[in-house]
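J.: One structure follows; several queries about it will come next.
Protein chains: 2
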Amino acid sequence: MTRRSLIGNVPVGGGAPVSVQSMTNTHTDDPAATLAQLRRLAAAGCDVARLAVPDTKALAALPDIIKESPIPLVADIHFDHRLALGAISAGIQAVRINPGNIDSEKKIEEVAKAAGEADVPIRVGANSGSLPANLAKKARASNEAMAIALVEAAEKQCALFERFGFKNLKVSLKSSRVPAMILANRIFSEKHDHPLHLGVTEAGTIKRGIIKSAIGIGALLADDIGDTIRVSLTADPVEEVTAGIAILESLGLRTPNPEIISCPTCGRTEIDLMELAERLEREIERMKERGEKVAAAKIAVMGCVVNGPGEAADADIGIAGSKNGKATLFKHGETIGVFPQEEAFQRLLSEIRGK
Amino acid sequence: MTRRSLIGNVPVGGGAPVSVQSMTNTHTDDPAATLAQLRRLAAAGCDVARLAVPDTKALAALPDIIKESPIPLVADIHFDHRLALGAISAGIQAVRINPGNIDSEKKIEEVAKAAGEADVPIRVGANSGSLPANLAKKARASNEAMAIALVEAAEKQCALFERFGFKNLKVSLKSSRVPAMILANRIFSEKHDHPLHLGVTEAGTIKRGIIKSAIGIGALLADDIGDTIRVSLTADPVEEVTAGIAILESLGLRTPNPEIISCPTCGRTEIDLMELAERLEREIERMKERGEKVAAAKIAVMGCVVNGPGEAADADIGIAGSKNGKATLFKHGETIGVFPQEEAFQRLLSEIRGK
Chain A
1 MTRRSLIGNV PVGGGAPVSV QSMTNTHTDD PAATLAQLRR LAAAGCDVAR LAVPDTKALA
61 ALPDIIKESP IPLVADIHFD HRLALGAISA GIQAVRINPG NIDSEKKIEE VAKAAGEADV
121 PIRVGANSGS LPANLAKKAR ASNEAMAIAL VEAAEKQCAL FERFGFKNLK VSLKSSRVPA
181 MILANRIFSE KHDHPLHLGV TEAGTIKRGI IKSAIGIGAL LADDIGDTIR VSLTADPVEE
241 VTAGIAILES LGLRTPNPEI ISCPTCGRTE IDLMELAERL EREIERMKER GEKVAAAKIA
301 VMGCVVNGPG EAADADIGIA GSKNGKATLF KHGETIGVFP QEEAFQRLLS EIRGK
Chain B
1 MTRRSLIGNV PVGGGAPVSV QSMTNTHTDD PAATLAQLRR LAAAGCDVAR LAVPDTKALA
61 ALPDIIKESP IPLVADIHFD HRLALGAISA GIQAVRINPG NIDSEKKIEE VAKAAGEADV
121 PIRVGANSGS LPANLAKKAR ASNEAMAIAL VEAAEKQCAL FERFGFKNLK VSLKSSRVPA
181 MILANRIFSE KHDHPLHLGV TEAGTIKRGI IKSAIGIGAL LADDIGDTIR VSLTADPVEE
241 VTAGIAILES LGLRTPNPEI ISCPTCGRTE IDLMELAERL EREIERMKER GEKVAAAKIA
301 VMGCVVNGPG EAADADIGIA GSKNGKATLF KHGETIGVFP QEEAFQRLLS EIRGK
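For the record, the sequence lines run as chains A and B.
Sequential numbering of the first sequence, starting at 1, is according to the working numbering.
Sequential numbering of the second sequence, starting at 1, is according to the working numbering.
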């Protein structure tokens, strides 16, 4: 079990629910745009958002953003430790800093002191792309070498902060190589109890990025390693949040509401399953947007009655294709009727609405 | 190490490269439509395709399909063992059968005998949705119980075929619950050396399905468990193939050609990274379609020069955003020039073309 840290009101580690993070890609010195994006992220289910603080203009915008943000914020700081000090003064809930690109330990000590006094956690961490030169060379040899180098780099960063009496650390070990990222986090979690922030870097375009992140983050979470996650995508950060939530839901770490299951299509399929599942998902999204109650936790959309109701027996409600354009509705594996397909779908929606 | 089996000319298990499977969703009794889909699947990189053989009409279409198919085929058989016998006579390269829905052991023996004589492998396997009643009830209790029930069901199926002297088996242990699927395969692979076919069932709509499959299949492959994979999606089966290949590529089990890496966008980004990465991907797809050579194995699209060239030092060629609408080109971490953005992109393409 890792130690527990708090990012504002969001607990991280120590058995707390795994939280989903993202990062704004607006210019932080534009508070209106940044807040608009933070509200979209929060609405999508994001627990914590990071934002870049690259200069004093961004820093000047922080108080307004922090005051209005619906979720706790992490300031992403590089090169200039005064930006970290300023963000802490402004009331930021957490700081991400890479001690490797701050040019003196004295400056790190100042940040550690300020964060300690304000009770603000700091994320440190190693990234395959920004390892110190001596480690970077060794790391290229293999995934194992990369994992060991990432662990060594992160341990050095932790040791530096701990030398200054600061222990409220979170740690990330990121790589664009998924096997190296998995192995690094496994090794680190065996040795230390710092809360772990999981992510795969430079994850590529959206489909490929989602797959890399799902494997790396998912493989670790499946073994109870990881306390907070970020799916990094070259895309709207809302996509990062919905992917992150889907990873947690897939592993039973967050309950989807509702869960829609469907079978892959095959030659037996008697219904346009794809279209129906997508349509159901859209209808449920709309119900949620309108604030309507969703009275089913698990909904099945199955291709045929042969396997459908049986395979989806644990669904609260389901629909399965029948012959001649009809569809069967079933509840907990028991058939409740056969109707023309559109009528069946409308009855399904009524059941989901609890009517 | 698992035993090696052959599906036509595709080796499965025994250290062979992990193969990617999909399943046609055309009606098998329509050979033209089925062959058209098989050709699209093969072009996308699919190694083996399964197709449903639900009745004698589908069976009658098999000889033509088998003769023309660009990749080996697996006949998916339920209920009627004569369809399996017919498919084997027609020259099918493999059979998927669930002994649980064939009503006598005598009929299984006939299939085992025919498959043995034709040297056709058989995939058996358990699925959380179609467990025998006695196991299904126990399995609901927890993911661990589900995993144990899946292993027990698969072992019974294997034992039945082995009793009839048939050993050329592949095994799948599938569940819509990802943690149960991971655990079942871990347990089974500790005990047996049958080649394993990995998949997550009822994986839902496309984004969610890709995430569930990437976690379940990816977590196992990361630990060297699994010999052939299928991503089940309620979508065009070509999507299953591209997702399956991306899983293998993410784990270094298949070399992407070329690999495009990009960093997540943040407030430091000086370039429209998303648009650029997507555009590059499209250009490379087009180059491949035209049969042009792609002279770079790893290409980076990075947001800024601050971290870009360093984080992507192992890229053969890369582009990073600079100030004032310019972009930096770099090779193996070394800057080769700063150009207006569009010129930089065109120079990047030329480098990729090896010109």
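C-beta: ideal position from N, C-alpha, C; glycine also.
1. Measure from the C-beta of V178 (chain A) to each C-beta in chain B and report whether the shortest distance is under 8 Å.
2. When the cut-off is 8 Å and only beta carbons count, does R140 (chain B) lie next to chain A?
3. Chain B partners of N307 (chain A), CB-CB under 7 Å?
4. Take every Cβ of the segment 137 to 146 of chain B, pair it with every Cβ of the segment 203 to 216 of chain A, and state whether three or more of those distances are shorter than 8 Å.
5. Please classify K191 (chain B): is it buried, with 16 or more other beta-carbons within 10 angstroms of its beta-carbon, or exposed?
6. In terms of alpha-carbon separation, which member of A:H197, A:D76, A:D64 and A:S130 lies closest to P17 (chain A)?
7. Checking contacts by CB at 8 Å: is I182 (chain A) closer than that to chain B?
8. Would you decide whether Q346 (chain A) is buried or exposed? Buried here means 16 or more other CB atoms lie within 10 Å of its CB.
9. Please report the Cβ distance between Q341 (chain A) and A320 (chain A), rounded to the nearest whole angstrom; I am assuming they are in contact, meaning their Cβ atoms lie under 8 Å.
10. Work out the CA separation of A33 (chain A) and S172 (chain B) for me, nearest whole Å.
11. Which runs of the alpha helix (DSSP H) spanning at least 4 residues fall entirely within the segment 254 to 340 of chain B, listed in chain order?
12. Assign S89 (chain A) to one of two classes, buried (16 or more other C-beta atoms within 10 Å of its C-beta) or exposed (fewer than that).
13. Put H27 (chain A) into one of helix, strand or coil per three-state DSSP.
14. Does D64 (chain B) have its Cβ less than 8 Å from a Cβ in chain A?
15. Just curious, the beta strand (DSSP E) that N127 (chain A) is in, first and last residue?
16. Given a cut-off of 8 Å, decide if S175 (chain B) and S104 (chain B) are closer than it, judged by their beta-carbon atoms.
17. Tell me which same chain residues have a C-beta within less than 7 Å of the C-beta of A149 (chain A), skipping the five on either side of it?
18. Hey, A112 (chain A) and F166 (chain A): beta-carbon distance below 8 Å or not?
19. Listed from N- to C-terminal order along the chain, which residues in the segment 309 to 328 of chain A have their beta-carbon within a distance smaller than 9 Å of any beta-carbon of chain B?
20. Alpha carbon to alpha carbon, what distance is there between A277 (chain A) and E292 (chain A)?
21. For I247 (chain A), which residues in chain B fall below 7 Å Cβ to Cβ?
22. Mapping the DSSP letters down to three states, classify D47 (chain B) as helix, strand or coil.
23. So, P195 (chain B) versus R50 (chain B), is the Cβ gap smaller than 8 Å?
24. In the DSSP assignment, find the beta strand (DSSP E) that holds A75 (chain A) and state where it starts and stops.
25. Going along the chain, which residues of its own chain have a beta-carbon closer than 6 Å to the beta-carbon of A114 (chain B), five neighbours each way excluded?
26. Can you find a C-beta in chain B that's less than 8 Å from the C-beta of L38 (chain A)?
27. Compute the distance between the beta-carbons of R177 (chain B) and M146 (chain B), then report whether it is under 8 Å.
28. Closest to K156 (chain A) by C-alpha separation, out of A:A94, A:I92, A:N98 and A:G209, would be which residue?
29. Compute the beta-carbon to beta-carbon distance between I225 (chain B) and R254 (chain B), rounded to the nearest angstrom, for a pair I have assumed lies under 8 Å.
30. Please state the DSSP three-state secondary structure of L349 (chain A).
31. Could you say which of A:G325, A:L349, A:N324 and A:V294 lies nearest to G318 (chain A) if we only look at CA atoms?
32. Taking 8 Å as the threshold (beta carbon to beta carbon), is M274 (chain B) in contact with chain A?
33. Using a beta-carbon distance cut-off of less than 7 Å, what residues from the segment 227 to 258 of chain A approach chain B?
34. Counting C-beta neighbours from all protein chains within 10 Å, is the total for T205 (chain A) 16 or more, i.e. buried, or is it exposed?
35. Alpha carbons only, please: which of B:A94, B:K67 and B:A52 is nearest the one belonging to I77 (chain B)?
36. Sorted by chain position, which residues of the same chain lie with C-beta nearer than 7 Å to E109 (chain A)'s C-beta, five sequence neighbours on each side aside?
T.: Put simply:
1. yes
2. yes
3. G129 and S130
4. no
5. Result: exposed.
6. A:H197
7. It does: the Cβ of I182 (chain A) has a partner Cβ on chain B nearer than 8 Å.
8. Note on Q346 (chain A): under 16 other CB atoms within 10 angstroms of its CB, so exposed under the neighbour-count rule.
9. Contact check for Q341 (chain A) and A320 (chain A): beta-carbon distance about 11 Å, past the 8 Å limit, so the pair fails to qualify.
10. Rounded to the nearest whole angstrom, the CA to CA distance from S172 (chain B) to A33 (chain A) is 49 Å.
11. Whole alpha helix (DSSP H) segments, 4+ residues: 273 to 289 and 308 to 311.
12. exposed
13. coil
14. no
15. I122 to N127
16. no
17. L131, L135, K138 and A139
18. A112 (chain A) places its beta carbon less than 8 Å from that of F166 (chain A).
19. G310, E311, A312, A313 and D314
20. 19 Å
21. In chain order: I211 and I215.
22. coil
23. no
24. L73 to I77
25. Excluding positions up to five away in sequence, the list reads L85 and I88.
26. no
27. yes
28. A:N98
29. With a Cβ gap of about 17 Å, I225 (chain B) and R254 (chain B) do not count as contacting.
30. helix
31. A:L349
32. yes
33. The residues in question are S232, L233, T234, A235, A243, A246, I247, S250, L251 and G252.
34. buried
35. B:A52
36. Taken in chain order, the residues that qualify are F164.
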